[in-house]
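Structure first, commentary second.
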Amino acid sequence: MSDRVEKSIEINAPVERVWRALTDHEEFGAWFRVRLDGPFVVGSRSRGRMTYPGFEAFPWDARVLVMDEPRRFAFEWPHIEAADEDADQAPWTRVEFSLAPIPAGTRLTVVESGFDALPPERRVEFMRRNEQGWAEQAGNIKAHVER
């Protein structure tokens, strides 16, 4: 079984525009459906609250790892099943966005890895759920940037 989920999408916008949608905390929040407390800063925690319907009680908690403008943005986040779980006690996975110019605009690839750190009884479900989630989020950022 693979330890990663990968999705790619072509977006009809320049790399710089997609980069801004990924790394500006307010734009990220608009398409990802999260209200973040402040900007992304490498080496710092990013905190906030999910606004996605059905997940409003869940906190957003991530550690920003890489902001290599305009090619790569990465963070890690915890896998929790309940809004009251302690993120620091949960297993974390890494999410990395890669941007590449293409004739039509930008190819955006998101890879989430580290699922082997999850308990075996939860791993398959989390990977299935996140694979569906990244497909939806890829569509969300495309719609956000191309409008």
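For the sequence shown, numbering that gives the first Met the number 0 gives the first residue as 0, with consecutive numbering after it. Where a beta carbon is used, it is the ideal one built from N, C-alpha and C, also for glycine. Computed from a prediction, not measured in an experiment: that's the story for all the values here.
In the DSSP secondary-structure assignment, M66 is bridged to F72.
Nearest neighbour of D60 by Cα position, chosen from M66, L107 and D85, turns out to be D85. When the alpha-carbon of A137 is set against those of L107, V40 and E68, the nearest one is in L107. Distance from the Cα of F57 is smallest, within the candidate group R34, R146, V109 and V41, for R34. By the criterion of a C-beta distance shorter than 8 angstroms, V41 is surrounded in its chain by V63, L64, V65 and M66, once the five residues flanking it on both sides are discounted. C-alpha of E75 to C-alpha of P118: approximately 17 angstroms in a straight line. Within the DSSP bridge table, the entry for K141 names no partner. Boundaries of the alpha helix (DSSP H) around A29: H24 to F31. For the set P77, F125 and D115, the Cα lying nearest the Cα of Q88 is the one of P77.
Around the beta-carbon of A103, fewer than 16 other beta-carbon atoms lie within 10 Å, marking it exposed.
Of the residues assessed, A73 falls on the buried side of the cut-off, its CB having 16 or more other CB atoms within 10 angstroms. Here the alpha carbon of F125 sits roughly 31 angstroms from the alpha carbon of P100.
Burial check for E111: the Cβ neighbour count within 10 Å reaches 16 or more, so the residue is buried.
It is roughly 16 angstroms from the alpha-carbon of G28 to the alpha-carbon of G53. Counting the other Cβ atoms within 10 Å of the Cβ of A20 gives 16 or more, which makes it buried.
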